[in-house]
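S.K.: Before anything else, here's the structure in question.
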DNA sequence: TAGTACGTTCAGTAATTTCTGTACGTACTA
DNA sequence: TAGTACGTACAGAAATTACTGAACGTACTA
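Residue numbers (this note's numbering), protein chains in the order written: chain C, 682 to 864; chain Z, 682 to 864.
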């Protein structure tokens, strides 16, 4: 049966590409392939089915699915009468994209802003002290300036992530290609 | 000398945060710390200075700097009379951000679009063949639909990256906080 | 031209990450 | 209540990635 092979190959090609792409975003290739499997599956899958399909351990399936859940890329599905946990992909890829980067970036941004603000405060302390030597004062001033610029950048990034989280970015880059239609 | 320590500590804190953040984007912590070092440095550094400062091998410095160069986050600086190569950070963090994601994402997007288009073509081939069994036809149709949706998503992502590359995103999310001033 | 200073290539090593199998806890079933 | 089916923690194994040091090529220097 040749056709079946063609379908299979067409899936595999896309799954590989998607997995590689997700890997670029810091997701393990295995997790990426699992996502691909779920993406093409016509029904939610159990851990055992995934294990079977990917030839990996159940433990791996468990932890991988959990990662995808944490990123809101996969959801737990409840089906009457089925005892095993079932999982399916979040169908809306835009939503997944926004969730992924909101979740992933927000932490980093917050951490950076906190660190920078703390350091700025320390530098200001040094600068406001009349006993500070001229040499130190100059160094502190330079660093202070750099940190202020960095802070501004992270605040901008925060606003970018806001526009992901609220989906307002879609007002600027609409899904519908005809962006300039309104004008 | 207490003040010097404070300055040092304030730098280290930010460098660590930045490195951790970059790690989130798929950059090695070592490379992140190197970037931090260059960020705070008041002058361009040589490989030997970096090696000294970070306590790592020159080989590592060479490859790490190359990575940062590839991402346009660091640039080679030429100074009259200095034989060694000198490197400094790209001062404009927004530019670095845009370059980073343009470079990193574009490849993945292109790869995915290619793969998806190829698979779609194959599926259409199967679908247009009158000998195709009803069972196969149905499967192909479902996959085809999924791939069309995925394609739409990647094309959207491509437009998002376009807005990074052209910096048009700054029209929507301005660096200057007062976004709604014009209205 | 020989000598030296530099950056990089490459093969091997170290460190980290990912994966597996066993053991365990919980919840449903008879 | 005992038994079974399930998901997950955890420790060790396998695979991958990051790092190093020696050797090499190139270009400047005397």
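Yeah, the Cβ is synthetic: ideal placement off N, Cα and C, and Gly gets one too.
Can you find at least 3 beta carbon pairs, one from the region 777-784 of chain Z and one from the region 722-739 of chain Z, that sit closer than 8 Å?
M.R.: No, because fewer than three Cβ pairs between the region 777-784 of chain Z and the region 722-739 of chain Z fall closer than 8 Å, the two stretches do not touch.
S.K.: Please state if the CB of residue 770 (chain Z) and the CB of residue 720 (chain Z) are separated by a distance shorter than 8 Å.
M.R.: Taking 8 Å as the Cβ cut-off, residue 720 (chain Z) and residue 770 (chain Z) qualify as a contacting pair.
S.K.: Is the CB-CB distance between residue 695 (chain C) and residue 809 (chain Z) below 8 Å?
M.R.: No; because the gap between Cβ atoms is not below 8 Å, this pair is not in contact.
S.K.: Tell me whether the beta-carbon of residue 793 (chain C) lies closer than 8 Å to the beta-carbon of residue 755 (chain Z).
M.R.: No, Cβ-Cβ distance for residue 793 (chain C) and residue 755 (chain Z) is not below 8 Å.
S.K.: How about residue 862 (chain C): is its C-beta nearer than 8 Å to some C-beta of chain Z?
M.R.: At residue 862 (chain C), the pLDDT of 48 sits below 50, so the modelled position is not reliable and the matter cannot be decided from this model.
S.K.: Determine the closest residue to residue 758 (chain C) out of C:848, C:855, C:726, with distance taken between C-alpha atoms.
M.R.: Comparing Cα positions, the closest option is C:726.
S.K.: For residue 741 (chain Z), which residues in the same chain have their Cβ closer than 6 Å to its Cβ, ignoring the five residues on either side in sequence?
M.R.: None.
S.K.: Step through the CB atoms of chain C and report whether any lies within less than 8 Å of the CB of residue 776 (chain Z).
M.R.: No, residue 776 (chain Z) does not count as interfacial toward chain C.
S.K.: Using a threshold of 8 Å, state whether the C-beta atoms of residue 821 (chain C) and residue 842 (chain C) are closer than that.
M.R.: In this structure, residue 842 (chain C) does not lie closer than 8 Å to residue 821 (chain C) by Cβ.
S.K.: Could you compute how far the alpha carbon of residue 747 (chain Z) sits from the alpha carbon of residue 765 (chain Z)?
M.R.: Cα-Cα distance, rounded: 15 Å.
S.K.: Can a CB atom of chain Z be found closer than 8 Å to the CB of residue 716 (chain C)?
M.R.: No, residue 716 (chain C) lies away from the interface with chain Z (no Cβ there is under 8 Å from its Cβ).
S.K.: In chain C, what lies closer than 8 Å to residue 753 (chain Z) by C-beta?
M.R.: The contacting residues do not exist; residue 753 (chain Z) stays about 16 Å from chain C at best.
S.K.: Against chain Z, with Cβ distances strictly below 8 Å, would residue 701 (chain C) count as a contact?
M.R.: So, interface residue.
S.K.: DSSP three-state label for residue 746 (chain C), please.
M.R.: If DSSP states are grouped into helix, strand and coil, residue 746 (chain C) belongs with the helices.
S.K.: Does the CB of residue 813 (chain C) have a neighbour CB from chain Z at under 8 Å?
M.R.: Yes, residue 813 (chain C) lies at the interface with chain Z (some Cβ there is under 8 Å from its Cβ).
S.K.: Using only the alpha-carbon positions, how far apart do residue 862 (chain C) and residue 697 (chain C) sit?
M.R.: Here the model assigns residue 862 (chain C) a pLDDT of 48, short of 50, so the residue's position is not dependable and the matter cannot be decided.
S.K.: Given a threshold of 16 other Cβ atoms within 10 Å of its Cβ, counted over all protein chains shown, does residue 714 (chain C) qualify as buried or as exposed?
M.R.: Classification of residue 714 (chain C): buried, given that the 10 Å Cβ count is 16 or more.
S.K.: Measure the alpha-carbon distance for residue 798 (chain C) versus residue 829 (chain Z) and round it to whole angstroms.
M.R.: The straight-line gap from Cα to Cα measures roughly 46 Å.
S.K.: Could you give the C-beta distance for residue 817 (chain C) and residue 684 (chain Z), rounded to a whole number, given that I count them as a contact under 8 Å?
M.R.: Right, their Cβ atoms sit about 5 Å apart.
S.K.: Relative to the C-alpha of residue 772 (chain C), which residue among C:796, C:723, C:791 is closest?
M.R.: It is C:723 whose Cα lies nearest to the Cα of residue 772 (chain C).
S.K.: So, under 8 Å CB-CB, residue 832 (chain C) and residue 691 (chain Z) are touching, yes? Tell me the CB distance rounded to an integer number of Å.
M.R.: With a Cβ gap of about 13 Å, residue 832 (chain C) and residue 691 (chain Z) do not count as contacting.
S.K.: Output the distance between the C-alpha atoms of residue 844 (chain Z) and residue 686 (chain Z), rounded to the nearest integer angstrom.
M.R.: Going by the C-alpha atoms only, they are around 42 Å apart.
S.K.: Less than 8 Å between the CB atoms is what I'm expecting for residue 731 (chain Z) and residue 718 (chain Z), so what's the real figure, rounded?
M.R.: Yes, they are in contact, since the Cβ atoms of residue 731 (chain Z) and residue 718 (chain Z) sit about 7 Å apart, within 8 Å.
S.K.: Mark residue 790 (chain Z) as exposed unless 16 or more other C-beta atoms lie within 10 angstroms of its C-beta, in which case mark it buried.
M.R.: Under this definition residue 790 (chain Z) is a buried residue.
S.K.: Please compile the residues from chain C whose C-beta is within a distance smaller than 9 Å of the C-beta of residue 792 (chain Z).
M.R.: Result: 698, 701, 702.
S.K.: Helix, strand or coil for residue 706 (chain C), going by three-state DSSP, please let me know.
M.R.: Correct three-state label for residue 706 (chain C): coil.
S.K.: Suppose you measure from the CA of residue 852 (chain Z) to the CA of residue 708 (chain Z); what does that come to, to the nearest Å?
M.R.: Going by the C-alpha atoms only, they are around 28 Å apart.
S.K.: Got a sec: is the Cβ-Cβ distance from residue 808 (chain C) to anything in chain Z below 8 Å?
M.R.: Chain Z, which has no Cβ nearer than 8 Å to the Cβ of residue 808 (chain C), makes this no.
S.K.: Closest to residue 689 (chain Z) by C-alpha separation, out of C:825, C:776, C:788, C:857, would be which residue?
M.R.: Minimum Cα distance to residue 689 (chain Z) is reached at C:825.
S.K.: Does the beta carbon of residue 756 (chain C) come closer than 8 Å to any beta carbon on chain Z?
M.R.: Residue 756 (chain C) does not count as touching chain Z.
S.K.: Could you run through the region 793-804 of chain Z and flag, in chain order, every residue whose CB is less than 7 Å away from some CB of chain C?
M.R.: Flagged, chain order: 793, 796, 797, 799, 800, 803, 804.
S.K.: Taking any Cβ of chain Z, which residues in the region 813-838 of chain C have a Cβ under 8 Å from it, in chain order?
M.R.: Answer set for the region 813-838 of chain C: 813, 814, 817, 820, 821, 823, 824, 827, 828, 830, 831, 833, 834, 836, 837, 838.
S.K.: Can you tell me where the alpha helix (DSSP H) holding residue 757 (chain Z) begins and where it ends?
M.R.: Note, residue 757 (chain Z): premise wrong, no alpha helix (DSSP H); beta strand (DSSP E) at 755-758.
S.K.: Using beta carbons (cut-off 8 Å, strictly below), is residue 785 (chain C) in contact with chain Z?
M.R.: Yes, its Cβ sits closer than 8 Å to a Cβ of chain Z.
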